[in-house]
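What follows is a short report on a single structure.
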Amino acid sequence: MATSSSLLWAVDIFGRVYTLSTVGQYWELCKDTQLEFKRVSAVKKCCWGIACDHQVYTYVFSGDVPIRYQEETYENQRWNPVGGFCEKLMPSDRWQWSDVSGLKHQQLDSFTLPSPHWEWESDWYVDENIGGEPTEKGGWTYAIDFPSTYTKDKKWNSCVRRRRWIRYRRYKSRDVWAKIVSHDDPDRLPDPFSDISIGGWEITEEPLGRLSVWVVSLQGRVWYREDVCHHNPEGSTWSLITTPGEVAQISCGPYDLLWATLWEGQAIVREGIDRNNPQGISWSTVESPSSENGIMHVSVGVDVVWCVTKDQKVWFRRGVNSHNPCGTSWIEMVGEMMMVNVGLNNQVWGIGCDDRTIYFRQGVTPSELSGKMWKAIVCGRESDRSQTGSSTSLLSAGCFFTDDIQNQTNAIVQSDADTSSDTELCSIPTTLGSTRPPGAAASSCTSGAPAHVTVDPLDSDHGEAPAASAANEKAHLENHKSTNPTPSAELQWTNIDLKEAHRHAVLSVGTFAETSSLSSLGVFSVGAEEQYGADEHPLWAWVSGGGCLVDLHSPLKWFAVPSGLSSSVQSLSLSITPAQTAAWRKQIFQQLSERTKRELENFRHYEQAVEQSVWVKTGTLQWWRNWKPHKWMDVRVALEQFTGSDGMRDSILFIYYMYHEEKKYIHVFLNEVTIIAEVLKDAKHSFALYTPERTKQRWPICLAATTEQEMHDWLSLLTMSCCESRRIQGPPSRHAIWSLSSKGDIFVSEPSPELEAGPHAMPCDQMFWRQVGGHLRLIECNNRGIVWGIGYDHTVWVYTGGYGGGFIQGLASSADNIYTQSDVKCVYIYENQRWNPVTGYSSRGLPTDRYMWSDASGLQECTKANMKPPSPQWSWVSDWYIDFSTSGGTDREGWQYAADFPASYHGHKTMKDFVRRRRWARKCKIVTNGPWLEVPPVTLWDISIIPSSDADDEESVALWAISDKGDVLCRLGVTQQNPAGTSWLHVGTDQPFISISVGAFFQVWAVARDGSAFYRGSVSPKKPAGDCWYHIPSPQKQKLKQVSVGRTSVFALDKNGNLWYRQGITPSYPQGSTWDHVSNNIRRMSVGPLDQVWVIADKVQGSHSLSYGTVCHRTGVRPMEPKGLAWDYGIGGGWEHITVRGNATEALRSAGPEECESGGRGGKAPPLRDGRELRGSAERC
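Listed below in structure tokens is the structure:
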């Protein structure tokens, strides 16, 4: 299975471009080697560079989703009494061929490709869709006059009509360097370029994929590339940016930070960069940290600035943030570099000024932005794999060595964040002929006890160091005794190597004395190295980490040499699949069980000495009491676990509380508990226990712990006890039902055959749910055990076959197939204002108004200061920013307007608007673990897996998905042995889609962003993408948002929560005929392989409380009654998603007359809950 990775880009002194993966150990030569480059600047999706011809090129990665751009033009006609609708328009009318506004004349033949890097996908064709509804043949829409509201129906007063013509062009120059062709005025053509930097993709999320591209010409002028975005990767034109002087170099961060250096040695900072002004407004000047040596190179990140002065000293800028982009002061860092580069997460790379080796800055964290030490990257190149790995890597560090080192196999793989451990690699060469420092003994590679040498490879200043610095850096040169038979030099820099800017002296670095041993270190010129294989020693000229995401929790393989032994072991371990591991585990468990039975059989005639054993765990928790006023109260909790004579365990949970100074208790048998879930209640570490009776009441037992660890301990213990009581262990079965809570927690339930057994169906509030580690927003499965999930950040995850994870540890969790998983989501708050005649819009509202800083409802006060992440497991990863993607649109400052609170908001101000609001967002991140592996690199919005039942295990499974941009994709190579699949196949559409579902017999239905439904024709195993889309009319005056296809049924859900069933579907007419209303109050739904229908209901009233987000099951679903008869209520609330696509366990149907009765409990209709039920046109109450 693929794992997520990103790339570090570098250019060697010969102009060759290489990339190094965060999960790799070798530099790989760029696929397009026709050009030689001077500098590159990279982000995740692409790289820009300046070649030796001083021209700009862009390198866009190939992907499964093509880069497409839709060209459109409108054909306009007017009616006249003689010839009807014709091309002759009135003089005051718009052009016959125009844009949507009618102001711009654009004929079909006026559209040309913007550059040679594009190609047309097809010819022009008419769009036969308007607002989600199909038009008549020909695509004409009618109106009274230009401009007006157009309709698909022709009326007696329709005097004008128009139709939209569409044509797509596709960007074809991917995985190659594409030259940026300039179509500007020849008098203003940019000069030859000398430096480039790209960034700015985090300024705002609108438009998606926008980049800021800044270049510097040889004449010192700064240029900005306009309109660089996802669907236009090469941009449109160059804009000249005025500067206070001649610029030598420039650096752009991912947000709004932009610094440049002047030839005079000063730095200039661009201010005023935001969503509406990506070019910024003005420049500010920052002086060099050294009066004698100006700034030669600068690099910026999210909120950090590093620079290199002309004497190769490295400096860190303190106090930089979005409010103060200039920072406050400079701090000198140990080391000498020719350049530095700041990448994602503010990680830093540099190139040594003497040895041209690339260094990585270790210890860079959000709390310590300057890091702790430099560490050399010793990776070889892809072409060097046939050679000894240690030889290539040690040469890259500039070392001479003997055959003893070439035979080294004890490589150590370290975490990039490990600052205290030693790394086995040769030290960076220091100057020949220097004297040995005091206390450092000369070492010989041929001696029996080789020395580990620790040096500061970059600081070549031989002046005296101040006492304080010497004390802090006293371990720069040490010899360590080692039993390792392989000689190796260690690069070990001390903790935080910071120096204040006013200190003129730097730490002196001792060097090695000349010895006759081959292990002596030395600096060689390029020419001198050639006789020892200069081509094997990469000398670097430039490095770019703008697209390199270093995970501080995952080890990097850049700092150690892979040996032949470890490589073979690694390849062996990768050959063992999760399916084989699960099979072995099952076999071993069966053998142990049989052995236990055999041994116990010999002692059956002995009398039992102890009937049962009891184990008790006690603690102090808080309980949300049953009576009013409801509040938290301190209670004593005891879990009693007893083992019966048959060896099986059962448990009882006692909760002791005081009521009117009288000690009372309630107890719960854990074999009756249906789910234990963590809940959000009053910002406490709380969890809830449900039983069937409390599910009916909508009133679970809520307990809260003092700390998060204590809560997780109780959750883990109670979950394991519940599973033991129900004799459930191991991973979920293929037919399991998966669900997600509103917190993103994952739950799974093993379906009983009686669950879909018609008249005697098992009530779904008796289903037992257990938690699986991980965090997801959406999950889908099928009955072959293939499970995919999508996180809140649209990252795709595939199930590995394990179980447990998260807080579930020990025997309740599998030992393998558990991996680290992360997710990022946004927390939103609203800023509200009211208009008054004196001051205009202000934060002073009426006494009856909502809070001026609130949640979406306005009932709860939420400010930037008091708003916390969803739980202690989450941490902030961004600052607050204005969200411009709010539904309904916004103005340039993010405001939405309305007549009053609450109302329908719109993005423009009118005379009747007296209130306004804007949404602020802040990203937070959770890091957990579970049986999930990432499927890079495409990010998805929706997913669907065919509910296959009789297919062979080796046969491919149809899997369809929708990307976060709305592209429709089909996954190839998905099998039970390889659930992640191999590649994506793009399926063309005329508009973005939001929902997709593939049912039995390869029925593929989808919903577009405008709420219209589509059916994909001719999909088959031999033709997995089908041939064309058929537009299906939506229900009257409704816009759909989800579709789900079962064996023969198709259900759809609209944006108002109405559930619809598609009538008239037959093998000869799979599109069906009409939509029938089934029910309302639905949030999410899932149709299974038996045509069973499960939903997440929005509101369900219990005997004690109202729940939001409740699992419900449609009962009475039969071939003659596909819409079902009534609803059975299950677990809730707080549920967001459910999938029953894997549940193909079909119970034996009886042939008695009771089949004709309505489905439900005991053959009767489901009882009403407090006199209420989900209303629906097909229900029997």
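Counting from 4, one number per residue, gives the positions in the sequence shown under the numbering used here.
From the three backbone atoms N, C-alpha and C, an ideal C-beta is built for every residue, glycine too.
Where Phe114 sits in the DSSP three-state scheme: Correct three-state label for Phe114: coil.
Whether Pro873 touches Lys746 by CB criterion (8 angstroms): Here Pro873 is near Lys746, since their CB atoms are less than 8 angstroms apart.
Proximity of Ser9 and Arg177 at Cβ, strictly below 8 angstroms: no
Nearest-angstrom Cα separation, counted from Glu727 out to Ala818: Cα to Cα, the separation comes out at about 18 angstroms.
Outcome for Asp903 when other beta-carbon atoms lying within 10 angstroms are tallied against a minimum of 16: exposed
Distance between Thr584 and Val367 (C-alpha atoms, nearest Å): Computed Cα separation, rounded: 38 angstroms.
Local conformation of Asn1061 per DSSP, three classes: coil
C-alpha distance - Pro257 paired with Asp1013, whole-angstrom precision: 32 angstroms
Segment limits, beta strand (DSSP E) that includes Thr1118: Leu1109 to Thr1118
Arg321 versus Val345: straight-line alpha-carbon distance, rounded: So the alpha carbons of these two residues sit roughly 15 angstroms apart.
Distance, Trp1097 Cα to Thr1051 Cα: Going from the Cα of Thr1051 to the Cα of Trp1097 covers about 16 angstroms.
8 angstroms Cβ cutoff met for Ser242 and Gly268: no
Ile206 - DSSP class collapsed to helix/strand/coil: coil
Paired residues, beta bridge with Asp637 - DSSP: Gln625.
Asp993 versus Glu139: straight-line alpha-carbon distance, rounded: 17 angstroms
The stretch 348-363 touching the stretch 324-334, judged by at least three CB pairs closer than 8 angstroms: no
When Asp716, Tyr128, Ser878 and Glu665 are compared against His688, the one with the closest alpha-carbon: Asp716
Supposed close pair Ala708, Leu603 - CB separation, criterion 8 angstroms: About 39 angstroms; that fails the 8 angstroms criterion.
Nonlocal neighbours in the same chain, by C-beta distance under 7 angstroms from Gly733, ignoring five residues either side: Once the five neighbours on either side are set aside, the close Cβ partners of Gly733 are Tyr806.
Beta-carbon proximity of Asp259 to Val941, cut-off 8 angstroms: no
Coarse secondary structure for Asn1146, derived from DSSP in three states: coil
Trp800 to Asn279 span [Cα, whole Å]: 35 angstroms
C-beta contact flag for Ala1009 and Arg1019 at 8 angstroms: yes
Spatial distance of Glu1040 from Ser947 (CA atoms): With the sequence shown as reference, residue 1040 is identified as Lys, and Glu is not the correct amino acid for it. One C-alpha to the other measures close to 27 angstroms.
Status (buried if at least 16 other CB within 10 Å, exposed otherwise) for Arg601: exposed
Cβ-Cβ distance between Tyr822 and Asn932 below 8 angstroms: Yes, the Cβ-Cβ distance between Tyr822 and Asn932 is below 8 angstroms.
Coarse secondary structure for Leu575, derived from DSSP in three states: Interpretation of Leu575 is limited by its pLDDT of 37, a score under 50 that renders its predicted location unreliable; the figure taken from the coordinates is listed afterwards. Leu575 falls in the helix class under three-state DSSP.
Spatially closest choice to Ile1134 from Glu757, Tyr693 and Ser719, by CA coordinates: Tyr693
Beta-carbon gap between Met714 and Phe690 smaller than 8 angstroms: Yes, they are a contact pair.
Which residues DSSP lists as bridging Cys927, in chain order: Lys828 and Trp879
Pairwise C-alpha distance: Thr1148 and Ser161: 57 angstroms
Range covered by the beta strand (DSSP E) that runs through Arg773: Here the beta strand (DSSP E) through Arg773 covers Trp772 to Val775.
Residues sharing a beta bridge with Asn79, DSSP: Arg165
CA nearest to the CA of Ser1108, picked from Glu696, Pro84 and Glu664: Glu696
Among Pro995, Ser1000 and Leu718, the one whose alpha carbon lies nearest that of Met1088: Ser1000
Spatially closest choice to Met299 from Pro281, Val305 and Glu339, by CA coordinates: Ranking the options by Cα distance to Met299, first place goes to Glu339.
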